[in-house]
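Protein chains in written order, with numbering that gives the first Met the number 0: chain A, 0 to 92; chain B, 0 to 485; chain C, 0 to 80. Ideal Cβ placement from N, Cα and C applies to all residues, glycine included. Quick notes on the structure that follows.
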Amino acid sequence: MIFICFLLWTVSLSIQAASDLRMQRISGFEKLVLPRWVMIFRWICPLTGLWLCANESLSTAIFVWLGTFSIAAVLVAVGWATGSRWKQIRKQV
Amino acid sequence: MIPDTLRARMGWLHAWIGFLSGLLLVCVFITGTLAVFDTELTRWLQPEVPPTAAELNDAALDKMLPSVRSLLLKGEKPFIALPSERDPVLRLSYHDGHEVLTQPFAPQSGEQIATRQTVGGTFFYDLHYTLRSGSVGITLVSFAGLMLLTVLASGVIIHLKALIPDLLVLRPFASRLRAWLDVHVLASVPFLPFVFMMAYTGTFLHTRSVLPPESYVSLAKEMLVPSPSKSEPASPDRQVPQLPSLPPLLHAAEKTLGVGRVGSILFLPDTILFMRTDASGPLRTREHVDFSYDSRFVRHILLTSPLTRAQQVMEGIHYIRWGGAGMRWLYFFSGSITTIMIASGLILFLMKRRKTSGDRTLFQLAEGLSISVLVGLPLACAGLLWGNRLIPQGHESRINAEILVFFSIWMAAAFFGFSGCFIKKPFEAWKILLIAFSLLTVGLGFLDALTRPGWQPMHAPTVFAAVDLIAFCMGLVSLQIARRLS
Amino acid sequence: MTARLVLSFVLAWTCVHFITLGSPRWGAGSRHDATILGQMIAVLLFPALFLIAFGNWRKFSGPIFVSSIGIVFYLLSLVQK
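Here's what the structure looks like:
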C-alpha cells in the first residue's frame, strides 16, 4: 500500500511540477503544455491514495499518506532537477 | 545592519537558535533514525543468531528459568522478550546500570544461542534520548526539542509566502549557496508534518525533565538535601523464591491481554509482569498482568483516562513499534531527510559567515563542531559496526570495547576536524573524513560477507542485506559530496 | 537582538513553567492527568509565546502579551481545587 500511495503522489506532484510556470522556467521545459484532463489527476491521485490507505488500515492511513507525500516530493524534485540538467547538457552538445 | 522587520527578526532567531541547537539535534536525529531499527541492528550485531527460527514452544520458556534465576540472584531485574515479527528468537535481557545486555535463546528448544556479546541497537536508542548521560542528557535533549519546535515555527514564518511554490524546487547546479538553500527547503517543507510530530511527541515524552510540575526553587532544595540511595545493595545471600512454570501464566495473561499480545515477561523481586507488546496497537499502554511467584494472579494494570490515552497515543506515534516494517521504513527515510535538513541548515549558517568571519576563532570552533557532529558521529556509528565484527568473539568486556571503539573514532574525528579548521584547511578536513566514512560504509558489506557465519551471496532479504545496502548507498552519497567539495 | 532574545526566552519560559506548575490545580481529572494536560499545553505554547515575544517588539506588544498570559497562568496556579 505504501508503494501504491507513493506512486500516486509521485504522479500527482509530477503533474503539478509540469504545470507550474516557475518550475518550467527553472528546468527549461517552457513549451510543456499538458492537456486539461490530465490536471484533474493532481487531485484524484492523492485522494485515491488516502482512500486506499484508510481502507487498508485506519490507524496508519494518515501517517502513510503524509509520509509518502514527503518522500515523493523529494523524489520528484530530484527527478526534475536531473531532467533539467540532462536537457542543459544536451543543449550544450 | 539588519532591517527590523518580522521576517528579519525571525531569520536571525532561526539562524542562531537553529545552529546552536542543531549541533545537538543532528546527534539526536542520526541516532533516532538508527534507533527505528534498533532490534534489527541488534540482529546484525549478533550474526550467529539465525535470521529465521521455529515457532515458540511452551517448554522453551521453562528452560530459560535457571538463567533468569541466576540474574535474580545477582539482584538484576531480567525480562524475557518473546519472539516477534522483528526478532524471531527469545531474548533474556537486563539493564546492568549502563547497557541493556541481551542473550538470545532458541524459541523451539529454549537452548541458549552461543553468540558474541554486543552493545546492540539499544546503544543508539540510549544515545538518542539520554546522550548516555542519564537525566542530564534527557534534560538537554528535551530542551533541544523545545528549541527545534521554535526553530521550525520561525522557519515557517520566514518561508510562509514561498512554502507551496518552492515545494519542488531544487537547483543543485546553481550557485553553491542557492543549491544548499534549496536542499534545506526541500528537506524541510514536505517533511514539516513529520518533524513537528516527532519534535512535539519527543519533547512531550520527557517534558517533566525541563518543565516539572513543581517550582524550580523546591527542586533545587531537594537537590541540595542528599537523598538516601534507592538502589538495593547486592547481597551474596539473596533469597529468590522458586520460579513458577511460565506457560500457564502466559496463557492466563493472554486471556486478558489477547492471544499473541504479550511482548515480554518482567521479573521483579516479588512479582512477574506479563507486559502487552507495543506492537499490538497505536497506544503504548504499558498494560500488564501481574502474578506472584506462587502463580497467584495479583493485578491487571491499564490506565484508561482520556488524557492518559492521549499520552499513550503520542508515545505510540513516536516509537512506531506498531506500524509494521513499512511504517518503520517511512520513519527511517523521513528521519534521514530531517537529518539532512538540520545538516544543511548548519552548513548554510557557516557558508553565509565564511567570507566575513572565516578567520575568527569562534567561526573555526563552530565549523569544527559541525564537522564533529555531521561527519564524526556517522563515522563513529560505522566504526561501531566494524568494531563489532573485528573484536574477537571471546574478548573480555567486549561491550566496553565496542563502546570504546565508537567514542575513540568520534573523538579522533572531532580532533581531526578541529585541527583542520584551526590550521585553516577546513575543506580538507571535511573531505578526508567524508572519504573515511565512505570507505567504512561501502566496505561494510564485504566485512559482513567475511565475518558472518553462514553467509551466502544470494539469500532472502534479511536485516543483514538491508544494513549492508543502506550503508553502501550512504557511502556513495558521502563520496559524491566529498568529490564536489572545494 | 541578544537582549531581546534572552528577555523573550525568560518570559516564555516563565509562562509555560506556570502552566505546568499550576495544571495539577486547574486541570481536569486526577493529578496525573492534569499534569499531562499541562505539559501538553506547555510544549505546544512555548514556541508560540517565544516567537510572539521576540517577533512583536513594537511598543513592547509581544513581551506585554506574553507577560499577561504568564500572569493569568500564575493566578490560575493559586486556585485551590
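Mind checking which residues open and close the alpha helix (DSSP H) that includes residue i?
| i | result |
| --- | --- |
| Gln15(A) | Ile1 to Ser18 |
| Gly419(B) | Arg397 to Phe421 |
| His13(B) | Leu5 to Ala34 |
| Pro2(B) | From DSSP, Pro2(B) is part of no alpha helix (DSSP H); its letter is neither H nor E. |
| Pro23(C) | Thr1 to Trp25 |
| Phe195(B) | Leu191 to Leu204 |
| Leu48(C) | Arg30 to Gly54 |
| Pro65(B) | Leu64 to Leu72 |
| Pro305(B) | Pro305 to Tyr318 |
| Val216(B) | Tyr215 to Leu223 |
What three-state label does DSSP hand residue i in the structure shown?
| i | result |
| --- | --- |
| Gln23(A) | helix |
| Phe28(A) | coil |
| Arg90(B) | strand |
| Pro46(B) | coil |
| Phe332(B) | helix |
| Phe172(B) | coil |
| Leu107(A) | Given that chain A is displayed from residue 0 to residue 92, the structure contains no residue 107(A) and the question cannot be resolved. |
| Pro103(B) | strand |
| Ile480(B) | helix |
| Ala53(B) | coil |
| Ile79(B) | strand |
| Val466(B) | helix |
| Val374(B) | helix |
| Arg359(B) | coil |
| Arg207(B) | helix |
| Val73(A) | helix |
| Gln79(C) | coil |
| Asp95(B) | coil |
| Leu166(B) | coil |
Cutting at 8 Å between CB atoms, please list the residues of its own chain near residue i, excluding the five before and the five after it.
| i | result |
| --- | --- |
| Gln23(A) | Ala17, Glu29 and Leu31 |
Residues in the same chain with beta-carbon distance under 7 Å from residue i, minus the five sequence neighbours each way, listed in chain order, please.
| i | result |
| --- | --- |
| Val48(B) | Arg42, Val88, Pro103, Ile112 and Thr114 |
| Gly21(B) | Ile341, Gly344 and Leu345 |
| Pro211(B) | Leu218 |
| Ser371(B) | Ala412, Ala413 and Gly416 |
| Phe421(B) | Gln363 |
| Leu10(C) | Ala52, Pro62, Val65, Ser66 and Gly69 |
Can you list, in chain order, the residues of its chain whose CB lies under 6 Å from that of residue i, leaving out five sequence neighbours each side?
| i | result |
| --- | --- |
| His516(B) | Nothing in the structure corresponds to residue 516(B), since chain B is present only between 0 and 485. |
| Thr30(B) | Phe123, Leu126 and His127 |
| Ile68(C) | Cys14 |
| Asn55(C) | Gly61 |
| Phe80(B) | Checking the sequence, you will find Ala at residue 80(B) rather than Phe. Closer than 6 Å at the Cβ level, and outside the excluded window around Ala80(B), lie Arg90 and Ser263. |
Here's the rule: buried if 16 or more other CB atoms are within 10 angstroms of the residue's CB, otherwise exposed. What is residue i?
| i | result |
| --- | --- |
| His287(B) | buried |
| Ile61(A) | exposed |
| Lys58(C) | exposed |
| Asn387(B) | buried |
| Phe190(B) | buried |
| Ala14(B) | buried |
| Ile408(B) | buried |
| Pro225(B) | exposed |
| Arg90(B) | buried |
| Met326(B) | buried |
| Tyr330(B) | buried |
| Ala198(B) | buried |
| Ala2(C) | exposed |
| Ala324(B) | exposed |
| Ser69(B) | exposed |
| Arg320(B) | buried |
| Gly257(B) | exposed |
| Pro46(C) | buried |
| Met9(B) | buried |
| Asp293(B) | exposed |
Just the chain E side, please: which residues come within less than 7 Å of residue i by C-beta, in chain order?
| i | result |
| --- | --- |
| Arg170(B) | Structure shown: chain E not included; protein chains present are A, B and C. |
Looking at the unbroken beta strand (DSSP E) that takes in residue i, where does it start and where does it end?
| i | result |
| --- | --- |
| Ala186(B) | Counting along the chain, Ala186(B) falls outside any beta strand (DSSP E), though it belongs to the alpha helix (DSSP H) covering Arg175 to Ser187. |
| Arg275(B) | Thr270 to Arg275 |
| Ile390(B) | Run containing Ile390(B): none; DSSP gives neither H nor E here. |
| Thr440(B) | Looking at the DSSP string, Thr440(B) is not in any beta strand (DSSP E); the run it does join, the alpha helix (DSSP H), is Pro425 to Val441. |
| Phe59(C) | Run containing Phe59(C): none; DSSP gives neither H nor E here. |
| Arg298(B) | Phe296 to Ile300 |
* **Every unbroken beta strand (DSSP E) inside the region 36 to 68 of chain A [3 residues or more]** => none
* Could you name each continuous alpha helix (DSSP H) segment of 4 residues or more that falls completely within the region 236 to 292 of chain B, going from the start of the chain to the end? => Taking only runs of at least 4 residues, the alpha helix (DSSP H) segments lying wholly in the region 236 to 292 of chain B are 245 to 256.
* Which residue spans inside the region 98 to 163 of chain B form an unbroken alpha helix (DSSP H) run of at least 4? -> 121 to 129 and 133 to 158
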